[in-house]
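So the number in the working numbering is just where the residue sits in the sequence shown, counting from 1, plus 9.
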Amino acid sequence: MSEKRATREAYGPTLVELAREGVDVVVVEADLSKSTTTAKFAAAYPQRFFNAGVAEQNMIGTAAGLAAAGKVAFTGSFAVFATGRAYDQVRNTVCYSKLNVKLAPTHAGITVGPDGGSHQMLEDIALMRVLPGMRVLVPADVNAAAAAIRLAAATPGPFYVRLGRAAVPVLYPEAVEVGVGKATVLREGTDVTIAACGVMVAEALAAAEALAADGISAEVVDVFSVKPLDEVTLVASARKTGAVVTAEEHSVIGGLGSAVAELLAEREPVPVVRVGVRDSFGTSGEPAELMSHYGLTATDVAEAARSVVRRV
10 MSEKRATREA YGPTLVELAR EGVDVVVVEA DLSKSTTTAK FAAAYPQRFF NAGVAEQNMI
70 GTAAGLAAAG KVAFTGSFAV FATGRAYDQV RNTVCYSKLN VKLAPTHAGI TVGPDGGSHQ
130 MLEDIALMRV LPGMRVLVPA DVNAAAAAIR LAAATPGPFY VRLGRAAVPV LYPEAVEVGV
190 GKATVLREGT DVTIAACGVM VAEALAAAEA LAADGISAEV VDVFSVKPLD EVTLVASARK
250 TGAVVTAEEH SVIGGLGSAV AELLAEREPV PVVRVGVRDS FGTSGEPAEL MSHYGLTATD
310 VAEAARSVVR RV
């Protein structure tokens, strides 16, 4: 895991590849294309690129219109703007109409860093997850992000692909296989399941190493698809280990932890501890400082695992 790259680095280049391969993809942006990397698509295919300006509601509405005309419409912007400001358009125009619009905003979570709490979106998974028909993908690295964008382009209907600003460890090969409703067991274990998504997958793997030194065998599951969940994999893992920790760079309310707890309450009731941000906005700081401040490090995940194992 020595190489680090931001998941947003996959966005623009993958869209260019899709267009070259003949996919009828268009991009609608909200004046942040350099940061989201869709500027690369704008340079290669200017006739397919539309800048709505600082008007995210119009960005979603324009993308919906292009999708209704048969295009595969991707949108940009930061997660806080693409989901919060444009929620009505995403709900009523895109999801209610089941249009082929793909939201792939960047700069999600607290690893936005010094931009502070106003730009650190910690509620976006919850907002998108509750929308009927919306699929929510949270890739763990740049290669999984590229695969997620390809998957969204190839699958009709609304998608939310959560991308980040900061560089994170590369975990997967370029040819990684992903699927809607699919999770990946990255490490087998018998004492506790750590179900993580996004940047927290690398932290979960590091936590598993630390737990092994204590004699605790942790199974690490990359929950790439937060909605729909891979119920078969998660229930089987919980049944095997008897204890679950969830880890996400998001509020513990409404995100991965809530989704897994809801599933297990119905299908396999076991003790669950959620690692995430506790009903708080973010604050300014470097990404590593913020991960430590909000309890999102490998050490925090390992301690949560020890606590839940003691309850079994």
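Backbone N, C-alpha and C fix where the C-beta goes; we use that ideal spot for every residue, glycine too.
Item, Value
"Could you tell me the alpha carbon to alpha carbon distance between Ser293 and Ala216, rounded to whole angstroms?", "26 Å"
"What span of residues does the alpha helix (DSSP H) with Thr23 cover, start to end?", "Tyr20 to Arg29"
"If I measure Cβ to Cβ from Gln129 and keep anything under 7 Å in the same chain, skipping five residues before and after, which residues do I get?", "Gly118, Ile119, Val121 and Gly291"
"When you compare only the Cα positions, how much space is there between Arg138 and Arg144?", "7 Å"
"Going by DSSP, what residue range makes up the beta strand (DSSP E) through Ser260?", "Val253 to Ser260"
"Given a cut-off of 7 Å, decide if Ala204 and Val269 are closer than it, judged by their beta-carbon atoms.", "yes"
"So for Pro55, helix, strand or coil by DSSP?", "helix"
"Please state the DSSP three-state secondary structure of Thr202.", "strand"
"Would you say Ser246 reaches chain D, if we count a Cβ-Cβ gap shorter than 7 Å as a contact?", "Among the chains of the structure shown, chain D does not appear; only one protein chain is present."
"Taking its Cβ as the centre, do 16 or more other Cβ atoms sit within 10 Å of Pro148, making it buried, or is it exposed?", "buried"
"Taking the straight line between their C-alpha atoms, what separation do you get for Val194 and Ala213?", "12 Å"
"Across which residues does DSSP place Leu112 in a beta bridge pair?", "Thr84 and Tyr169"
"Taking just the CA atoms, how far does Lys111 sit from Phe87?", "14 Å"
"If we count Cβ pairs, one from each stretch, closer than 8 Å, do we get three or more for the stretch 96-108 versus the stretch 69-77?", "yes"
"Identify which residue in Pro167, Val177 and Pro296 has its Cα closest to the Cα of Val394.", "Since the displayed the chain opens at 10 and closes at 321, residue 394 lies outside it and no answer follows."
"Would you tell me roughly how many angstroms separate the C-alpha atoms of Thr115 and Gly125, rounded to the nearest one?", "15 Å"
"Less than 7 Å between the beta carbons of Ala154 and Ala19, yes or no?", "yes"
"Using DSSP bridges, identify the partner residues of Lys13.", "Pro178"
"If we call anything under 7 Å between Cβ atoms a contact, is Thr255 one with Leu265?", "yes"
"What residue from Tyr169, Arg319, Ser11 and Val185 has the CA that sits closest to Pro237's CA?", "Tyr169"
"On the CB-based measure, 16 or more other CB atoms within 10 Å of its CB, does Gln98 come out buried or exposed?", "buried"
"Can you tell which of Asp288, Ala73 and Glu26 has its C-alpha closest to the C-alpha of Val37?", "Ala73"
"How many angstroms separate the CA atom of Ala95 from the CA atom of Ala82?", "16 Å"
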